[in-house]
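These notes are about the structure you will find just below.
Residue numbers (the working numbering), protein chains in the order written: chain A, 1 to 150; chain B, 1 to 167.
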């Protein structure tokens, strides 16, 4: 949603290992950062859910048999837009289109529902996935929050 | 706190798992394990998963329901989703999990919840009757998101949105 020249009002950067304990940490960190926009309860819940999905993907899929670094950038743009980028340097996604299909999962034995991207897509305004096999994946989520005046 | 399960033997066998806290990939494993141990022992026809005390859930919760549905189906049993708060229900509806497990809103008498809690406490003394378990699940008290008023119409609106921007 942020047009190329939209002003960044605030930005945080986090880096953490792909431990499943950090799923909770990362969504709470973003939730805390977003709170300055005075979001509604359901908006915060949407953001937390989407972040949790993206970070879980990096932990479960990108760094399947290893612990790697996950980098998270969150920004607040003018016009009440929140931007979150979750980047890993894991195995990458060979076929993004396929990966985004609802119910498609490469880990059914782990009871992954295959709905991560579907949830991110419906809970945020925009979802962008960039990936290169062997290099890693970046997931960019944006959402415009309602202002109190709306 | 955690997961409380108790058995209710009436005309049909019913097992209710009271899940509390946050369900994500990290916590789902232990919740799944505790439910399955008890389901394996008691083999209930109806498995009720109570979400009323769940304050966060991502698609790992959907995986949890799907997995239990699969196991119950193999034995001819059913799974029900009991009392999900609005924001939890929203995730479920986006996933369409209600097609596999019916969402029911049931008034749980306080006495029954109490019974479940008591059983957790008495777990050590009841030999051969471990039909109650307790699991530590993340719980964030500062984060009570259950109060928002989300209608399912809103959810459908969101789910129908087309915002694909893939590269």
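Yeah, the Cβ is synthetic: ideal placement off N, Cα and C, and Gly gets one too. Given the structure is predicted, the values throughout are model-derived calculations rather than measurements.
Inter-residue spacing [alpha-carbon to alpha-carbon] between residue 22 of chain B and residue 54 of chain B: 6 Å
Using the beta-carbon count (16 or more within 10 Å), is residue 134 of chain A buried or exposed? Exposed, since its Cβ has fewer than 16 Cβ neighbours within 10 Å.
Can you tell me the Cβ-Cβ gap for residue 59 of chain B and residue 17 of chain B, rounded? I've got them flagged as a contact below 8 Å. No, residue 59 of chain B and residue 17 of chain B are not in contact; Cβ-Cβ is about 19 Å, not under 8 Å.
Under 9 Å between C-beta atoms, does residue 45 of chain A make it to chain B? yes
How about residue 28 of chain B: is its C-beta nearer than 9 Å to some C-beta of chain A? yes
Closest Cβ-Cβ distance between residue 32 of chain B and chain E: below 9 Å? The structure shown has no chain E; the protein chains it does contain are A and B.
Determine whether the beta carbon atoms of residue 51 of chain A and residue 26 of chain A lie at a separation below 9 Å. yes
Please check the pair residue 18 of chain A and residue 85 of chain A, which I expect to be a contact at CB under 8 Å, by giving their CB distance rounded to whole angstroms. Between residue 18 of chain A and residue 85 of chain A the beta-carbon gap is near 16 Å, outside 8 Å, which marks them as no contact.
Contact set between the stretch 105–116 of chain A and chain B, restricted to residues whose Cβ is under 7 Å from the partner: 111, 112, 113, 115, 116
Counterpart residues of residue 17 of chain A in DSSP-defined beta bridges: A:69
Taking the alpha helix (DSSP H) that residue 58 of chain A falls in, what are its first and last residues? For residue 58 of chain A, there is no enclosing alpha helix (DSSP H), since its DSSP letter is neither H nor E.
Would residue 63 of chain B pass as an interface residue toward chain A - the criterion being a Cβ-Cβ separation below 9 Å? yes
Counting only Cβ-Cβ distances shorter than 9 Å, please list the residues of the stretch 39–50 of chain B near chain A, keeping chain order. none
Own chain partners of residue 16 of chain A with C-beta closer than 8 Å, once the 5 adjacent residues on each side are dropped: 22, 25, 26, 69, 70, 72
With three or more beta-carbon pairs closer than 8 Å as the criterion, would you say the stretch 69–85 of chain B touches the stretch 43–53 of chain B? yes
Residue 63 of chain B to residue 112 of chain A, Cα distance in whole Å? Cα to Cα, the separation comes out at about 5 Å.
Could you tell me which residues DSSP puts in a beta bridge with residue 83 of chain A? A:75, A:142
Measuring only from the beta carbon, is residue 117 of chain A closer than 8 Å to any heavy atom that is part of the ligand ATP? For the ligand ATP, the structure offers nothing, since it holds no ligand at all.
Run down chain B in chain order and give the residues with a C-beta less than 9 Å from the C-beta of residue 59 of chain A. The answer, in chain order, is 25, 26.
May I have the straight-line CA-CA distance separating residue 98 of chain A from residue 5 of chain A, to the nearest angstrom? 32 Å
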